[in-house]
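First comes the structure, then the notes that go with it.
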Amino acid sequence: MVKQKGRWIRVKSLTKEEKAAIAAICDRFIADVLKPRFLPEVRPTKFNYPVDIFGKWRGNKYSFVTRYRSGFSENYEEEFDAPFTRLDHVDECLNETRFNVMWHRHTGQWWRLHSAVTLDEVLRMIETEPMLQPIS
43 MVKQKGRWIR VKSLTKEEKA AIAAICDRFI ADVLKPRFLP EVRPTKFNYP
93 VDIFGKWRGN KYSFVTRYRS GFSENYEEEF DAPFTRLDHV DECLNETRFN
143 VMWHRHTGQW WRLHSAVTLD EVLRMIETEP MLQPIS
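Position one of the sequence shown corresponds to residue 43 (this note's numbering), numbered consecutively onward.
Here's what the structure looks like:
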C-alpha cells in the first residue's frame, strides 16, 4: 500500500524474477527485430554512428538504448548512450504487468505516448511507430 494524494492505494512492484523475465523478452526483441532492421552492421563514419542497441533497467523503468561511437577527430572512438524508448511500470495495475510508454524528446525530457499497455503491445508499438524506434 502506498499513500498517494491523501489516500492509500494498492500497488504491485516488480520482483527481480519478473524484471529478469521482461529483460529476456526485450533482449530477444532487440536481437530479432531491432538490430536486423536498424543496425544490421556497424558503419563507421566521421560523425557519430550507432554501434549497438540494448536495454537496461533503472528502478522500475526499462529503457531501450542506442550506443553511439564518435568519428570526430577531437573525441575519436568515445562512446555514449542515447535512450529512445522507456517503459515505466504501472504499479497500480494489480492483475497484470502494464507499462506507460515514454518517448525521449530531443530536449532530454521523457514524454508519455501510451498509458497502461502490456509488454506485447509495447513491442508491437516499437516495431511499427517511428517515434519509438532508434534513429539509424
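Built from N, CA and C at the ideal position, the CB exists for glycine as well.
Taking the CB atoms as reference points, tell me whether Lys64 and Lys77 lie closer together than 8 Å.
It should be pointed out that residue 64 corresponds to Ile in this sequence rather than to Lys. No. Outside cutoff.
How big is the Cα-Cα spacing for Asp133 and Tyr118?
Straight-line Cα distance between these residues: approximately 43 Å.
Starting from Ala158 and walking both ways along the beta strand (DSSP E), at which residues does that stretch end?
Per DSSP, Ala158 belongs to the beta strand (DSSP E) from 152 to 159.
As a quick exercise: from Met167, Ala124, Asp74, pick the residue whose alpha carbon is nearest that of Val93.
Of Met167, Ala124, Asp74, the residue nearest in Cα terms is Ala124.
Kindly indicate the opening and closing residues of the alpha helix (DSSP H) around Pro78.
Unbroken alpha helix (DSSP H) run through Pro78: 77 to 80.
Tell me whether the beta-carbon of Val143 lies closer than 8 Å to the beta-carbon of Leu129.
For Val143 and Leu129, yes; Cβs fall inside 8 Å.
Could you work out which residue in Ile177, Lys54, Pro172, Ala62 is closest to Lys98 when comparing CA atoms only?
Minimum Cα distance to Lys98 is reached at Ala62.
Does the Cβ-Cβ distance between Val106 and Thr127 come in under 8 Å?
Note that residue 106 is Phe in the sequence shown, not Val. Result yes, Cβ atoms of Phe106 and Thr127 sit closer than 8 Å.
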